[in-house]
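The numbering of the sequence shown is the numbering used here, which starts it at 4 and goes up by one. Here is the structure we will look at.
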Amino acid sequence: MPSLSVEGLYRGFGPAVAIDHIDFRVEDGEFLTLLGPSGCGKTTTLSAIAGHDKPNGGRIRLGETVFFDQARDIYLPPEARNCGLVFQSYALWPHMSVFGNVAFPLKLRRMGKAAIAARVRQTLDLVEMGEMMDRFPHQLSGGQQQRVALARTLAYQPAMLLLDEPLSNLDAKLREKARIWLSRLQSQVRITTIYVTHDQAEAMALSDRIAVMSEGKIVQLGTPMEIYENPAHPFVADFIGSSNFLPGALMAADGEPGYGQVTLAGGGSVRANLRNGIGVGDSVLVAVRPDRIQLLAANAAHRDCSEGEPIKGRLTGRSYLGGKFLYEIAIGETLARVESARQVSGDEVAITIDAASATIFRAQDMKQSRRPAPA
Numbered sequence: 004m005p006s007l008s009v010e011g012l013y014r015g016f017g018p019a020v021a022i023d024h025i026d027f028r029v030e031d032g033e034f035l036t037l038l039g040p041s042g043c044g045k046t047t048t049l050s051a052i053a054g055h056d057k058p059n060g061g062r063i064r065l066g067e068t069v070f071f072d073q074a075r076d077i078y079l080p081p082e083a084r085n086c087g088l089v090f091q092s093y094a095l096w097p098h099m100s101v102f103g104n105v106a107f108p109l110k111l112r113r114m115g116k117a118a119i120a121a122r123v124r125q126t127l128d129l130v131e132m133g134e135m136m137d138r139f140p141h142q143l144s145g146g147q148q149q150r151v152a153l154a155r156t157l158a159y160q161p162a163m164l165l166l167d168e169p170l171s172n173l174d175a176k177l178r179e180k181a182r183i184w185l186s187r188l189q190s191q192v193r194i195t196t197i198y199v200t201h202d203q204a205e206a207m208a209l210s211d212r213i214a215v216m217s218e219g220k221i222v223q224l225g226t227p228m229e230i231y232e233n234p235a236h237p238f239v240a241d242f243i244g245s246s247n248f249l250p251g252a253l254m255a256a257d258g259e260p261g262y263g264q265v266t267l268a269g270g271g272s273v274r275a276n277l278r279n280g281i282g283v284g285d286s287v288l289v290a291v292r293p294d295r296i297q298l299l300a301a302n303a304a305h306r307d308c309s310e311g312e313p314i315k316g317r318l319t320g321r322s323y324l325g326g327k328f329l330y331e332i333a334i335g336e337t338l339a340r341v342e343s344a345r346q347v348s349g350d351e352v353a354i355t356i357d358a359a360s361a362t363i364f365r366a367q368d369m370k371q372s373r374r375p376a377p378a
């Protein structure tokens, strides 16, 4: 199957910008997730690819077929794009059986009865719904309806699959099971897939790559591990998982390339990964995840320098999460969250931060990433 190319895609609604000149490519058989909060432009991007919304600029191409090219005044209608779209709402015909729902798009394509029957049975078996083909939608669970909606799309063998938060109507337990099932199905079919969600766990579990979006832009594009371990922007560190942001000032770029030394506003200093464009004396934030902070007793001896200098703090809160604790540590006026299996007593504690697990960002980048979206 062909790959998808999106170049300079722009969509505005009056003064509001929904998609701000984004570029990305989805390779043949790849599962790419557009991830971000409400209003970031992910569904508008999916609608532009499907042909349900016409952008103001840019280019969309699937293989040699141009879906949209503003410069050449090309706009291919949705029915000519051969994309399979599964919505948040399953939109099953209530008066049709499972078989009838899956057969419907094949009838529109004027396939013969025997060919339709064979294709429907094959597709329903693929989604593990073959034994329920005579049931009606009201006789199915939410997860089963979701499978039928997906089977209806796969039956006509689209060139690409577009999924708009298809699991959001399921409860938490069923949603987790559906993620596993959907991942297994996509690896079997190997159809080029774009998945839209605001759920980080879904994106991490399903995707080959993730495009994190904010305010109409792609902030970072990479594998789930790259996105989580090496956030390129404070928005990504804040949105994916959970991060502490410790304020301070960059004092030096130390001897090892790519690292800097930060004096924290609450006292102590920490060494961390240094992003390009940050100068000595700049106000910065050190981003570090709660599970990457080592918790020590206040009088702990200095450990190996790779674990960082001990930073003194005060224990202000504790929650038991089952197998581990979530501690709240005050470092001066700054509060940091620390996940640890270790139980500590007393108010005075110390923490260390491994330089490889922390990233230095400019403080102003965090302020910019938290600007309100346009109305």
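Beta carbons: idealized from backbone N, C-alpha and C, even for Gly.
Check                                                                                                                                                                   : Outcome
Judging by CA-CA distance, which residue of Leu-157, Gly-316, Met-369, Leu-299 is the nearest neighbour of Val-347?                                                     : Leu-299
Contact check, Gly-87 vs Pro-161 under 8 Å by CB: the rounded distance?                                                                                                 : 3 Å
For Leu-369, does the three-state DSSP call read helix, strand or coil?                                                                                                 : A small correction: the amino acid at residue 369 is Met; Leu does not occupy that position in the sequence shown. Here Met-369 sits in helix by DSSP.
In terms of DSSP beta bridges, what is Tyr-231 paired with?                                                                                                             : For Tyr-231, which the question treats as bridged, DSSP gives no partner whatsoever.
Comparing C-alpha positions only, which one of Ser-6, Thr-47, Glu-33 sits nearest to Val-20?                                                                            : Thr-47
If you drop the 5 nearest sequence neighbours on each side, which residues of the same chain put their C-beta closer than 8 Å to that of Leu-224?                       : Phe-27, Arg-212, Ile-213, Ala-214, Val-215
Should Pro-58 and Asp-31 be called a contact, given that it needs their Cβ atoms to be closer than 8 Å?                                                                 : no
For Met-369, collect the residues of the same chain with a Cβ closer than 7 Å to its Cβ; drop the 5 residues on either side in sequence, then sort them by chain order. : Pro-237, Phe-248, Leu-288
State buried or exposed for Phe-242, treating a residue as buried only when at least 16 other CB atoms are found within 10 Å of its CB.                                 : buried
Taking Gln-203 as the reference, which of Ile-230, Met-135, Gln-142, Arg-122 has the closest Cα?                                                                        : Ile-230
Verify whether the separation of the beta carbon atoms of Ala-235 and Asp-285 is less than 8 Å.                                                                         : no
What residues match up with Tyr-13 in a beta bridge as DSSP calls it?                                                                                                   : Asp-23, Gly-60
Quick check on this structure: which residue in Thr-226, Lys-45, Thr-36, Phe-328 has the alpha carbon closest to the alpha carbon of His-24?                            : Lys-45
Which residues share a DSSP beta bridge with Ile-197?                                                                                                                   : Leu-35, Leu-165
Measure the CB-CB distance between Gly-61 and Gly-11 and report whether it falls below 8 Å.                                                                             : yes
When DSSP labels each residue in this structure, what does Met-217 get in the three-state scheme?                                                                       : For the sequence presented, residue 217 should be read as Ser rather than Met. Residue state, collapsed to three classes: strand.
Taking the continuous alpha helix (DSSP H) assigned at Arg-155, which residues delimit it?                                                                              : 145 to 158
Looking at Leu-79 and Gly-54, is the spacing between their C-beta atoms short of 8 Å?                                                                                   : yes
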